[in-house]
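Novice: Got a structure for you, written out below as structure tokens; questions coming shortly.
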Amino acid sequence: MEKENNNSSRRNFLRLGALGGIALAGTAIANAVTDESPKTTGKKVKVLTADGKLIEIDSSHVDHHAAKDGFSSEEVRQGVEGKKFIRVIDLGKCANERKCITGCQKAHNILAPIEYIKVKKMQDSALAAPYWFPTMCYHCDNPPCVKVCPVDATFKRSDGIVAMDYERCIGCKFCMAACPYSARTFNFGRPEQLKFTEEHKNDTSDPNHCTTPYAQEGTVAKCDFCTDRSAQGLLPACVVECPNGAIYHGDELEDVVSNGEDTLRLKKLLKDRAGYRQFEELGTKPRVYYLPPVERDFPFEDAAEPQNTKE
Amino acid sequence: MSEDINIAESTNKHETFTQEEYMVMKNDLLRPIEKIGKAGKIWIAFLMTVFLAGVFAYYIQETRGKYTTISLRDYTMWGIYISNFLFMVAIGLVGVLMSAILKLTHFEWYRPLSRIGEVIAIGAIMFAGVSIIVAMGRPDRLYNLLLHGRIQSPIVWDVIGISTDLAASLILLFIPLIPSLITCRNNLKNLPKWQLKMYNILSFGWQGTPEQWKILKKTMRILTILLIPLGILICTITAWLFATTLRPEWDSTNFGAYFVSNAFLLSVAVMILATFIFRKAYNLEKYLTEMHFDKLGQVMVLMALIHGYFNINEYLIPAYKMSGLHENHLLSLFIGKDALFYWSVVIFGIIVPFLLPLFPKLRKPIPLTIISVIVLIAGWFRLYLIVIPGLLQPYLPIQDVPESWKHYFPSVVEMTIVAATFAGVLLVVTLFSRFFPIVSVWEVAEGQLEGKEEIINYK
């Protein structure tokens, strides 16, 4: 993210005055000398530029943690500077294909029946039309879970993410009781999951892999907005995997959200499409907005049978 | 010895209670310490067995993993460990009711009951703490509460409140025990040497001088006054653990009062049951009289009325409005799948203790004890109803989850551990009564001396 690619720096160079140009050229040369010519990996990643454009660059240009590096407990408490992550979900685009769920599970190395993101069938009243409703941790700005945590194991970061410190959590489950959206899940030590976690400790093969680990046994886990991917300017697994582009992820300060294909102005989108937040009356101030299910891409088809039934 | 002097001095003033009578009383009250019958031994062995079964069950839970041993899941993440914790906190109020409130309001009949109440309260509060630790996902990280404790969290309030209350209760139990320890040492010569030595050490060189009595009375008074807000506080904070969340079933401004009134009702019931058992087991009919049952029965009516009042505030008023937020939960309680549960609790937990003890005949020991047992069982299930059914009625519907996530029935491990907490409380009370006089000798004698004849030969 920090390093701009060649195209845009050249454009900037032309736009800038001579003095600035020399300075920029100086740094460019310095970069060229010090940079140990990153090998192009051929893997393209999409990143957002500061002016809200989504561009595709080689993954070698992206500065990030070694994939298997976790965050230290100090790092996980620091938000990404100058960011305020936010999410918009277009209910008209969700067809309950469950790709966000499986994508998320793969990226975090968790197994069903644990779901950080769930898709629910909602029908507000008998005459109202049913619609699919993806829900996850809303990373509230007034988070009830953070209020009640006795040991500061869940906390609000400066970039808007409500994060978990699995090393510190004592497993009292008070945050789960406090969350009105049932977004949190507890690691009860399901044997299959424990085995899977152990086997896939160092498995980063999933292209959407997220380095924040799954909760330790006896602690609480939840959607973390794919903290490390968000920090690198990558899109979280659920956004990437959604075949219909229903989930937009972005930055409130940049006023931009993207579903991987379209990159939109956040405020304009919310204004034009009457964005709203779930249970506004609870005062939790979620960071996830919904666009009402109008002008749907798909007709509503009820799920034939429950999917998440594995005990 | 000291008491003898004290009594001798006072007998001049009060002719109603003689030295001989005091000696008889002393022997009566100390007898349970001297000999332990076969039934007593079997009882203790039984309690030990249940308690150890619970310890073993906990070992299984912690080593085999919670997913396979207990039936808690993501929606019902709090189960009977937590509702049992509420029950323990509730009956922990018995110390406040029996020794503090009655004492300060000069209801003299509290005297033989106060120590029984205090010991039950201490046992209950101890095992309330145990229940919480058992429910924790990572009990090995308990120290994080000290390292990273946040005062904003109601759990930290509860930890502070419960430990303060436990400490105050222990001191309030111990201070009036000091003169009794000397009485034990001087009168129970047949006991093993270590036991007499223990009495001696614990009595801290008590002489029974007027000055010492003055300090003792003053300390007791201060602690007694302190105990009332503390006891009510821990019940209220425990209710706030729920009321500080946004969940529809706990979203109530009435919750603290509802919980405290429930705790008072359960405290009376547990006191009646304990009085009945001690009266029978230790032949204390002369001291724990029918009068006590009569009075406790009346207290029970009052407490049931107060609790009924808060119950109406808690359920009927929201039900009148039937807002969309509370609808699912309330309908499930009133006419849904928890209806049988709910109405049984209302009938046996509120209407029975309100109506039946109104009749003097039902305030006799046996009928009143039966009523108390019913009230205690209903009370335990009322706390179950507070915690669990609402968890299955969250704002966002529960959909597409495995079958076991949609309902809750406690596993064998959970039930064993809960049974063990009960055995633990009973063990604390039983063992205490085996080593120390469960009815405070000097406090009862003092009541006699002040000419309060209604204590003995009431009616």
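If you read the protein sequences in the order shown, they are chains A and B. Note that this note's numbering has the first sequence beginning at 3, numbered continuously upward. Note that this note's numbering has the second sequence beginning at -12, numbered continuously upward. Even for Gly, the Cβ is constructed at its ideal location relative to N, Cα and C.
1. Please classify B:V42 as buried or exposed, where buried requires at least 16 other C-beta atoms within 10 Å of its C-beta.
2. Taking Cβ positions only, does B:L203 come closer than 8 Å to chain A?
3. Could you check the C-alpha separation between A:P145 and B:P384 for me, to the nearest Å?
4. Looking at the structure shown, is A:S260 part of a helix, part of a strand, or coil, going by DSSP?
5. Quick check on A:K197: buried or exposed, where buried means 16 or more other Cβ atoms within 10 Å of its Cβ?
6. Which chain B residues are close to A:F188, counting only those with a beta carbon under 9 Å from its beta carbon?
7. Is the shortest distance between the beta-carbon of A:L315 and the beta-carbons of chain B less than 8 Å?
8. Anything in the segment 155 to 184 of chain A with a Cβ closer than 7 Å to a Cβ of chain B? List those residues in chain order, please.
9. Name the DSSP beta bridge partners of A:K123, please?
10. Which residues in the same chain as B:E236 place their Cβ atom closer than 6 Å to its Cβ, once the five residues preceding and following it in sequence are excluded?
11. I'd like to confirm the pairing. Which residues does DSSP put opposite A:K158 in its beta bridges?
12. If you follow the alpha helix (DSSP H) that A:F227 is part of, which residue opens it and which one closes it?
13. Helix, strand or coil: which one does DSSP assign to B:K308?
14. If we ignore side chains and look at the alpha-carbon of each, how far apart do B:S140 and A:V148 end up?
15. Which of helix, strand or coil does DSSP assign to B:V388?
16. On the three-state DSSP scale, how would you describe B:L413?
17. Just the Cα atoms here: how many angstroms apart are A:D92 and A:P245?
18. Per DSSP, what are the beta-bridge partners of A:F188 in this structure?
19. Given this structure, state the Cα-to-Cα distance separating B:L203 from B:I165, to the nearest angstrom.
20. For A:R275, I'd like the list of residues in its chain whose CB is within less than 7 Å of its CB, leaving aside the five on either flank, ordered along the chain.
21. What three-state label does DSSP hand A:L237 in the structure shown?
22. Might you give, ordered along the chain, the residues of its own chain that have their beta carbon closer than 8 Å to the beta carbon of A:R79, omitting 5 neighbours on each side?
23. Could you tell me which of B:V11, B:P19, B:I138 sits nearest to B:F419, measuring between CA atoms?
24. Against chain A, with Cβ distances strictly below 8 Å, would B:Y395 count as a contact?
25. Please list the partners that A:F281 has in chain B, where partner means a Cβ-to-Cβ separation under 8 Å.
26. Entirely within the segment 210 to 270 of chain B and at least 4 residues each: give me those alpha helix (DSSP H) ranges in chain order.
27. Consult DSSP for A:K46 and reduce its assignment to one of helix, strand or coil.
28. For the alpha helix (DSSP H) containing B:R369, list its first residue and its last residue.
29. Can you give the Cα-Cα distance for A:G81 and B:V286, rounded to whole angstroms?
30. If I measure Cβ to Cβ from B:P344 and keep anything under 6 Å in the same chain, skipping five residues before and after, which residues do I get?
31. Going straight from the alpha carbon of B:T151 to that of B:L217, what length do you get?
32. Which first and last residues belong to the beta strand (DSSP E) in which A:V90 is found?
33. Along the chain, where does the alpha helix (DSSP H) that runs through B:D15 open and close?
34. Output, in chain order, the set of chain A residues within a Cβ distance shorter than 7 Å of B:N131.
35. Contact criterion: CB-CB distance below 8 Å. Does B:T50 meet it with respect to chain A?
36. Would you mind giving the Cβ-Cβ distance between B:Y395 and B:S58, rounded to the nearest angstrom? I have them listed as a contact below 8 Å.
Specialist: If we stick to the structure as given:
1. exposed
2. no
3. 20 Å
4. strand
5. exposed
6. K53, L59, R60, D61, M64, G124
7. The structure shown does not extend to residue 315 of chain A, since chain A spans only 3 to 313, so no value can be given for it.
8. R170, C171, I172, G173, C174, K175, F176, M178, A179, A180, P182, Y183, S184
9. A:W134
10. H316, G377
11. A:V164
12. Per DSSP, A:F227 belongs to no alpha helix (DSSP H) and is neither H nor E.
13. helix
14. 9 Å
15. coil
16. helix
17. 13 Å
18. A:V222
19. 9 Å
20. L293
21. coil
22. F157, R159, A165, D167
23. B:P19
24. no
25. Y382
26. 242 to 268
27. strand
28. 352 to 378
29. 58 Å
30. G284, M287, V288, R350
31. 8 Å
32. 87 to 92
33. 6 to 21
34. V153, R170, I172
35. no
36. 6 Å
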